[in-house]
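Chemist: The structure's right below; bear with me while I get my questions together.
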Amino acid sequence: MPRGRPKTKTTTMTLRVSPGLKAAAEQAAHLDHRSLTGLIEVLILNHCKNQDIPVSDPMKETST
């Protein structure tokens with residue numbers, strides 16, 4: 039039986055933002071004890087929830 043968290047499928051998303059926005063995002067992530075990717079995921083998930091946009095459950099998309 040594998041140990042640790044289950045593996046989830048991921049995909050790449052490339053963004054271009056101003057240096058100031060990147061610095062602010064990095065600071066926000068640090069203050070929230072998250073990676074920059076984790077912060078972006080939370081922000082997108084919260085926005086989708088507020089707009090009633092369905093998002094598939096990442097835990098159901100595990101690889102074997």
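Going by this note's numbering, the residue at position 19 of the sequence shown is 57; the numbering climbs one at a time, nothing skipped. Just so it is clear, CB atoms sit at the ideal spot from N, CA and C, and this is done for glycine as well.
Could you pull out every residue in the same chain whose Cβ sits closer than 8 Å to the Cβ of Arg72, ignoring the five residues on either side in sequence?
Modeler: Taking the sequence shown and counting its residues from 1, one reaches residue 72 at position 34. Closer than 8 Å at Cβ, skipping near neighbours: Val80.
Chemist: Residue range of the alpha helix (DSSP H) that Lys47 falls in?
Modeler: Taking the first residue of the sequence shown as position 1, residue 47 is located at position 9. From DSSP, Lys47 is part of no alpha helix (DSSP H); its letter is neither H nor E.
Chemist: Would DSSP call Val93 helix, strand or coil?
Modeler: Here residue 93 refers to the residue found at position 55 when the sequence shown is read from its first residue. Coil, per DSSP.
Chemist: Would you give the residue range spanned by the alpha helix (DSSP H) that Leu69 belongs to?
Modeler: Here residue 69 corresponds to residue number 31 of the sequence shown, with the count starting at 1. It spans 57-69 - the alpha helix (DSSP H) in which Leu69 sits, taken as one unbroken run.
Chemist: Short of 8 Å in beta carbon distance, which residues of its chain neighbour Leu77, apart from the five on each side in sequence? Order them along the chain.
Modeler: Start at 1 with the first residue of the sequence shown, and residue 77 comes out as number 39. Within the same chain, Leu77 has close Cβ partners Ala63, Ala66, Ala67, Asp70.
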